[in-house]
Structures are given as structure tokens and as C-alpha cells.
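Residue numbers (this note's numbering): 5 to 107.
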């Protein structure tokens, strides 16, 4: 797929677009090497288009948390380990917002 990250100081916007069907069931987390600074970020899933490639009724606690109040992640964690993403059908998209928790 394709992704883009826009960072302006205390806020970021991340778009992830699936172009073709993944070869594996579980995707590797998306490492956000361009993410600047050492802040903790509240990450929220603020928009999605398309469908997840999951079994019906499968738990989606990570996505539920991202869509609700968000998940706090450290910059270093997002750069080194990445942001876990769901396996999506082709021509799907996810939009995440990041808000810095640093003063």
C-alpha cells in the first residue's frame, strides 16, 4: 500500500491506503521513521473506508480503542516498532490523527 504522514508541531495526520490484497494474514506494523521529536502521542483512528479482512465476530480491541478515546504511544515506539494495522481489502483507506501529549 501507500502511506503519508504530515506533521505540524503538536499534531500529525497519517493516511494509509491499501492498493492490493496482502500476501499474509497479519501485516507488519507500519514504522513511522519520519515522526519527529520524543513526544508521547495520542493516536486515534478518525476515518476509514473499505472493509477489514477478518473473520466475522473476530475481536478488534486495538481498533476499538483507536476509534474510541485513542491509544498513547511514544515517538520512539512508533519509529522502531510501528503502528499495528488491520489487514484491509484492496482500495481501502485508514486516516489517523496524532496529538502530542508533551507540553
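C-beta: ideal position from N, C-alpha, C; glycine also.
Checking the DSSP bridge columns, you'll see residue 14 has no partner listed.
Spanning the alpha carbons of residue 82 and residue 8 requires a straight line of approximately 14 Å. For the stretch 15 to 89, the continuous beta strand (DSSP E) assignments of 3+ residues that do not extend past its boundaries occur at 15 to 22, 44 to 53 and 75 to 78, in sequence order. Using a 10 angstroms sphere on the CB of residue 22, the tally of other CB atoms reaches 16 or more, which defines it as buried.
Linking residue 79 to residue 42 through their CA atoms gives a straight-line distance of about 5 Å. Under the DSSP assignment, residue 96 falls in the beta strand (DSSP E) whose first and last residues are 96 to 104.
Contact check for residue 105 and residue 75: beta-carbon distance about 12 Å, past the 8 Å limit, so the pair fails to qualify. Out of 93, 48 and 45, the CA that lies nearest to the CA of residue 54 is found in 93. Apart from sequence neighbours up to five positions away, the residues of its chain that approach residue 6 with a beta-carbon distance below 6 Å are 21, ordered along the chain.
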